[in-house]
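Those protein sequence lines, which keep their order, are chains A and B.
According to the numbering used here, the residues represented by the first sequence are 1 to 116, in order.
According to the numbering used here, the residues represented by the second sequence are 1 to 111, in order.
Where is the CB? At the ideal position from N, CA and C, for every residue including glycine.
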Amino acid sequence: SQTIHQWPATLVQPVGSPLSLECTVEGTSNPNLYWYRQAAGRGLQLLFYSVGIGQISSEVPQNLSASRPQDRQFILSSKKLLLSDSGFYLCACLKWNRQGSSYEQYFGPGTRLTVT
Amino acid sequence: EDQVTQSPEALRLQEGESSSLNCSYTVSGLRGLFWYRQDPGKGPEFLFTLYSAGEEKEKERLKATLTKKESFLHITAPKPEDSATYLCAVQGGTGGFKTIFGAGTRLFVKA
């Protein structure tokens, strides 16, 4: 089965500082990977998704960017954080389950970012 | 525009009181509808994927069903440990593998 690692678990950063969040996936190859942000008490907002190395689709044209340097590594970055970037950041992968003949999406434990 | 709406926003049940959560969606060419459970401070936990109208899937006290416009998550004889936020999401339309989430239903089950 696949495992998704995210770090750090929590992060407090000042406004204007850079950001780098890392996500790595084990137990599957060539997964579709996703970055989501969840504000307190809200649903998940899709930020980026990737169907392969170097292939990034952006859903949010803000000060965030994503990169996929390796098959099972997905990185979320910012050059200058804003107060509005605070939230719970989740990485996910989409996997094909042969037994159930269905796609399943699994999430990492998340990174809670507070911008002060 | 692809859209997912969940209702109610919050649901309070007594232990053993069965009920249903609703997920209405608008997407052309549904690739899949997903249900998740999320506990506070944690990432969502995958529950089910549904693909076509009439499909049903079950897991313990949970059963998910799908029509052409909505999905229901039925909870039979809930227990306090079923308390969580339940999220619905869809893939489809022009978005391909893009996943759109609803805002979720917060379920509280009282002993």
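Quiz item: Hey, residue 8 of chain A and residue 111 of chain A: beta-carbon distance below 8 angstroms or not?
Solution: At the C-beta level, residue 8 of chain A and residue 111 of chain A come within 8 angstroms of one another.
Quiz item: Are the stretch 57–64 of chain A and the stretch 4–18 of chain A in contact at 8 angstroms, needing three or more beta carbon pairs?
Solution: The stretch 57–64 of chain A is not in contact with the stretch 4–18 of chain A.
Quiz prompt | Beta-carbon spacing of residue 90 of chain A, residue 31 of chain A below 8 angstroms | solution = Going by C-beta atoms, residue 90 of chain A is not nearer than 8 angstroms to residue 31 of chain A.
Practice problem: Report buried or exposed for residue 20 of chain A, applying the criterion of at least 16 other Cβ atoms within 10 angstroms of its Cβ. | Solution: Exposed: under 16 other Cβ atoms inside 10 Å.
Quiz item: Taking only beta-carbon atoms, is residue 30 of chain B less than 8 angstroms away from chain A?
Solution: Not one chain A Cβ lies under 8 angstroms of residue 30 of chain B.
Quiz item: If you draw a straight line from the alpha carbon of residue 20 of chain B to that of residue 57 of chain B, how long is it in whole angstroms?
Solution: CA-CA distance, residue 20 of chain B to residue 57 of chain B, rounds to 14 angstroms.
Practice problem: Give me the Cβ distance between residue 47 of chain B and residue 62 of chain B, rounded to the nearest whole Å; I'm assuming they're in contact under 8 angstroms. | Solution: At roughly 6 angstroms, the Cβ-Cβ gap stays under 8 angstroms, so residue 47 of chain B and residue 62 of chain B are in contact.
Quiz item: Once you ignore the five residues that flank residue 26 of chain B on each side, which residues in its own chain have a CB closer than 7 angstroms to its CB?
Solution: Short of 7 angstroms from the beta carbon of residue 26 of chain B, and not among the five residues preceding or following it, lie these beta carbons of its own chain, in chain order: 2, 3.
Quiz item: Can you name, in chain order, every residue of its own chain whose Cβ lies under 8 angstroms from the Cβ of residue 80 of chain B, other than the five neighbours on each side?
Solution: The residues 15, 109, 110, 111, in chain order, have a CB closer than 8 angstroms to that of residue 80 of chain B in the same chain once the five nearest residues on each side in sequence are set aside.
Exercise. State the DSSP-derived secondary structure class of residue 84 of chain A, mapped to helix, strand or coil.
Key: Three-state DSSP puts residue 84 of chain A in a helix.
Practice problem: Taking C-beta pairs closer than 8 angstroms, name the residues in chain A that residue 108 of chain B reaches, listed in chain order. | Solution: Those within 8 angstroms of residue 108 of chain B in chain A number zero; the least Cβ separation is about 14 angstroms.
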